[in-house]
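Residue numbers (my numbering), protein chains in the order written: chain B, 125 to 325; chain A, 125 to 325.
Just so you know, even glycine gets a beta-carbon here, dropped at the ideal spot from N, CA and C.
Report on one structure; see the data block that follows.
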DNA sequence: TTCGTCATGTAATGGGTTACATGATTAC
DNA sequence: GTAATCATGTAACCCATTACATGACGAA
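So, in structure tokens, the structure goes:
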């Protein structure tokens with residue numbers, strides 16, 4: 125996740141760690157802020173893997189001459205970025221990952237963008253249905269706080285779905301003023317064995 | 125976090141792991157779902173620490189007699205729960221932790237409830253201001269997707285703050301139909317050195 | 001007899017955090 | 001000269017995840 129965010133930012137222009145973190149906070153600040161304790165190790169890892177190069181801009185050039193390491197994206201790094209932008213990644217990071225991916229939609233192909241937006245929406249719709257049925261089942265025999273939390277959670281998910289729907293419509297309108305059948309992300313054919321949908325006890 | 129959720133649920137009634145997870149998903153499903161891979165180890169840890177006892181309800185009683193381990197909260201477990209409900213915990217879990225805490229507000233003292241709600245709100249307000257200033261600074265020179273993400277993020281945070289404000293008002297009204305000065309959570313006196321507020325380069 | 005759900009668990013891994021340590025530079 | 005910001009890093013730890021493995025029960 126951090127990896128994707130770093131590569132994405134570096135694809136715009138070379139930067140040093142400290143500024144990277146500032147930019148990261150500016151763009152994703154509403155959702156998550158990374159700490160230096162993960163950023164610097166991440167940069168070293170990327171360097172070791174050959175995705176970025178590190179130029180120490182300490183001694184030479186510039187007015188101030190503050191010691192700082194400027195990282196630049198390599199050709200392999202660009203490939204890696206494209207790879208990460210397309211991938212699905214583990215389910216656990218879904219929420220955070222979507223934000224990061226969305227932030228770099230400018231560097232993402234239109235078809236991938238649509239696939240990501242639709243995939244995200246369908247997963248949220250699934251989640252929404254689960255919360256809804258849970259609410260329907262447990263309503264009345266829950267204390268008011270638990271109920272309010274579920275209500276609020278449901279509302280948040282619904283909002284998110286509406287937002288995505290608007291975005292998808294905009295994307296579609298831009299992509300083809302006249303067109304035919306759009307592709308959709310692979311929907312799971314097997315019923316998910318999550319076990320929360322039926323009667324609890 | 126899981127620890128708190130488990131203790132909280134068990135404080136209502138003894139349960140086995142599988143059902144625990146179902147309930148957890150029902151209550152917090154909109155925000156997060158835990159996996160068995162963390163639940164069972166957590167239960168063992170709690171057992172080792174003496175916060176819960178495990179009764180194997182396999183052979184005896186019941187109709188079916190399916191092998192299952194029923195966990196029961198001990199007196200120490202109750203203490204631990206109260207402790208966790210009051211604590212602040214590390215900043216990184218803030219978002220998720222708040223949800224869990226809120227879910228167990230029914231078992232939380234009114235003053236602690238208010239403290240948690242106000243603390244949460246002030247942290248979100250801080251976050252909101254940072255996002256706002258970031259938006260104000262970078263607007264115009266960002267691509268539309270990044271901008272839209274920030275806009276959406278800001279809106280989400282604002283919604284959350286409004287929700288909390290309503291809750292706080294309700295709490296206050298219930299607590300004292302006539303009253304005086306309310307306490308407030310310790311506000312940081314030192315300016316936070318986050319470095320994202322000023323001009324980015 | 002097979003599929004779905006109930007039910008419990010382990011090992012390896014992952015990704016990030018906190019706390020700490022250090023030092024140069026800028027603004028007052 | 002001192003406080004805040006810029007700037008880079010390390011080590012110990014935390015919490016949860018994925019993938020895997022196992023088995024019994026109920027319904028079709």
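| field | Contacts of residue 229 of chain B in chain A (Cβ-Cβ under 7 Å) | value | 269
**Q.** Beta-carbon proximity check, residue 135 of chain A vs residue 205 of chain A, cutoff 8 Å
**A.** yes
#### Entry: Own chain, CB closer than 7 Å to residue 145 of chain B, minus 5 neighbours either side, in chain order
158, 160, 163
query: Would you say residue 274 of chain A faces chain B, with C-beta separation under 8 Å as the test?
result: yes
Coarse secondary structure for residue 221 of chain A, derived from DSSP in three states:
helix
Check: So, residue 227 of chain A versus residue 132 of chain A, is the Cβ gap smaller than 8 Å?
Finding: yes
Item to complete: Could you please give the first and the last residue of the uninterrupted beta strand (DSSP E) stretch that includes residue 196 of chain B?
Response: 193-197
Applying the 10 Å Cβ sphere with the 16-neighbour rule, what's the burial state of residue 274 of chain B? buried
message: Within a Cβ cutoff of 8 Å, which residues of the same chain sit near residue 252 of chain A, ignoring the five residues on either side of it in sequence?
response: 278, 281, 282, 285
**Prompt:** When DSSP labels each residue in this structure, what does residue 232 of chain B get in the three-state scheme?
**Reply:** coil
Simplified DSSP assignment, three categories, for residue 154 of chain B: coil
Which partner residues of residue 177 of chain A appear in the DSSP bridge assignment?
-> A/196
inquiry  = Short of 8 Å Cβ to Cβ, which residues in the stretch 200-216 of chain A face chain B?
reply    = none
Check: Closest Cβ-Cβ distance between residue 198 of chain B and chain A: below 8 Å?
Finding: no
| Quick one, are the C-beta atoms of residue 208 of chain A and residue 236 of chain A less than 8 Å apart? | no
query: Relative to the C-alpha of residue 211 of chain A, which residue among A/180, A/298, A/232 is closest?
result: A/232
In its own chain, which residues sit with a C-beta less than 7 Å from the C-beta of residue 185 of chain B, not counting the 5 before and 5 after it? With a pLDDT of 47 at residue 185 of chain B, under the threshold of 50, the modelled position of this residue cannot be trusted; read the value that follows with caution. So no residue of the chain qualifies.
- By how many angstroms is the C-alpha of residue 130 of chain A removed from the C-alpha of residue 176 of chain A? 10 Å
message = Looking only at its chain, what residues have a beta carbon closer than 7 Å to the beta carbon of residue 225 of chain B, apart from the 5 residues adjacent to it on each side?
response = 209, 240
Quick one: residues in its chain with C-beta nearer than 8 Å to the C-beta of residue 327 of chain B, no 5 flanking neighbours on either side, listed in chain order?
The first residue shown for chain B is 125 and the last is 325, placing residue 327 of chain B beyond what the model contains.
Quiz item: How about residue 236 of chain B: is its Cβ closer than 7 Å to a heavy atom in the ligand SAM?
Solution: The ligand SAM is not part of the structure shown, which contains no ligands of any sort.
Can you find a CB in chain B that lies within less than 8 Å of the CB of residue 169 of chain A?
no
Within-8 Å CB hit, residue 158 of chain B to chain A: no
Practice item. Under the assumption that residue 351 of chain B contacts residue 261 of chain B (Cβ atoms under 8 Å), give the Cβ distance between them as a whole number of angstroms. Key: Here chain B comprises residues numbered 125 to 325, so residue 351 of chain B is not present and cannot be evaluated.
* **Within chain B, the residues that residue 262 of chain A reaches when beta carbons sit closer than 8 Å** => 150
Out of B/291, B/288, B/295, B/259, which has the shortest C-alpha to C-alpha gap to residue 148 of chain A? B/259
* Rank B/171, B/155, B/139 by C-alpha distance to the C-alpha of residue 218 of chain B and give the top, closest one. => B/155
Residue 212 of chain A: first and last residue of the uninterrupted alpha helix (DSSP H) it sits in: Unbroken run through residue 212 of chain A: none, as it is neither H nor E.
Margin query: Can you pull the chain A neighbours of residue 278 of chain B, defined as C-beta to C-beta under 7 Å?
Written below: 154
message: Rounded to the nearest angstrom, what separates residue 244 of chain A and residue 256 of chain A at their Cα positions?
response: 18 Å
Checklist line | Inter-residue spacing [alpha-carbon to alpha-carbon] between residue 287 of chain B and residue 197 of chain A | finding: 42 Å
- Query: Would you say residue 223 of chain B faces chain A, with C-beta separation under 8 Å as the test?
  - Reply: yes
Chain-ordered chain B contacts of residue 181 of chain A [CB-CB under 9 Å]:
Those within 9 Å of residue 181 of chain A in chain B number zero; the least Cβ separation is about 14 Å.
- Where residue 141 of chain A and residue 301 of chain B are concerned, what is the direct C-alpha to C-alpha distance, given to the nearest angstrom? 53 Å
- Query: Taking Cβ positions only, does residue 192 of chain B come closer than 8 Å to chain A?
  - Reply: no
Exercise. How should residue 242 of chain B be labelled, buried or exposed, when 16 other C-beta atoms within 10 angstroms of its C-beta is the threshold for buried?
Worked result: buried
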